[in-house]
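Residue numbers (the UniProt record's numbering): 1 to 164.
We put the CB at the ideal spot given by N, CA and C, even for glycine.
This structure is a prediction, so every number in the text was calculated from the model and none was measured.
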Amino acid sequence: MDRGVRRIVKRRVEQLRPLIPAPWDMNVFLDQLEQARNRPIDLCELHWAPGDSTGAWRAMPDHDVIAYPTNTSPWHQDVIILHEIGHMLPQHAGHCVLTNQRAQQLAPDLKPAAFMHLLTSTTGAAEEQEAEAFARSMITQIEHHRHRRTPRGGLRGRVEAAFG
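Dropping the structure here:
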């Protein structure tokens, strides 16, 4: 991956680090991201079949929609949602690859206007690498945040704070 992309991803993750809740909770993180961006984010749970894309992001006029699979682990759902946020923040464009009929088959309970090609765009290799790097970096930050301890008082607290 290009150094410039790594720098961009690193800077983006650094900006979001204060939004990472402890303990980790994707919904709390998304609430804070919505406030920081002043733009709502709707999550759309869908059942995914083998061979389908695992997630999708779509910018609507007044909010963003992220689709993710219900039939995978919570950790994997977080990775997928973070990957889509990695597309959302830089506003990757993508291009349409599925018909409205196929999108309706994938999400039969949604009105066509609600997902307007939600599950139908694909991005280029460079955009995919950037989104994947973003998701990996965020997961690393979340894991680091999760294992960080609150320092205790006295000598023991100072030793733990200094040496982990």
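> I think GLY86 touches GLU130, with their Cβ atoms under 8 Å apart; what is that distance to the nearest whole Å?
Replying inline: Along the sequence shown, read from residue 1 onward, the residue named residue 86 stands at position 86. Along the sequence shown, read from residue 1 onward, the residue named residue 130 stands at position 130. Yes, GLY86 and GLU130 are in contact; Cβ-Cβ is about 6 Å, under 8 Å.
> How would you write the range of the alpha helix (DSSP H) that TRP75 sits in, first residue to last?
Replying inline: Stepping through the sequence shown from its first residue, residue 75 is reached at position 75. Where TRP75 is concerned, the enclosing alpha helix (DSSP H) stretches over 74 to 88.
> Would DSSP call ASP64 helix, strand or coil?
Replying inline: Residue numbering aside, residue 64 sits at position 64 when the sequence shown is read from its first letter. In the structure shown, ASP64 falls within a strand segment according to DSSP collapsed to helix, strand and coil.
> If we count the other Cβ atoms within 10 Å of its Cβ and call it buried at 16 or more, is GLY55 buried or exposed?
Replying inline: Counting from 1 along the sequence shown, the entry for residue 55 is found at position 55. That one is buried.
>> Please report the distance separating the alpha-carbon of ARG39 from that of ILE80.
In response: Counting from 1 along the sequence shown, the entry for residue 39 is found at position 39. Counting from 1 along the sequence shown, the entry for residue 80 is found at position 80. Answer to the nearest angstrom: the Cα atoms are 20 Å apart.
>> Quick check: the Cα distance between PRO50 and GLN77, rounded to an integer number of angstroms?
In response: Here residue 50 is taken as the residue at index 50 of the sequence shown, counted from 1. Here residue 77 is taken as the residue at index 77 of the sequence shown, counted from 1. Taking the straight line joining both Cα atoms gives about 15 Å.
> If we ignore side chains and look at the alpha-carbon of each, how far apart do ALA125 and GLU132 end up?
Replying inline: Taking the sequence shown and counting its residues from 1, the one referred to as residue 125 is at position 125. Taking the sequence shown and counting its residues from 1, the one referred to as residue 132 is at position 132. Cα to Cα, ALA125 sits roughly 10 Å from GLU132.
> Per DSSP, what kind of secondary structure is PRO50 in: helix, strand or coil?
Replying inline: In the sequence shown, residue 50 corresponds to position 50, counting from 1. Coil at PRO50, not helix or strand.
>> Please state the DSSP three-state secondary structure of ARG136.
In response: Translated into positions along the sequence shown, residue 136 becomes position 136. Here DSSP, grouped into helix, strand and coil, assigns ARG136 to helix.
> What's the call for ARG3, buried or exposed, on a 16-neighbour Cβ count within 10 Å?
Replying inline: Counted from its first residue, the sequence shown places residue 3 at position 3. By the 10 Å Cβ count, ARG3 comes out exposed.
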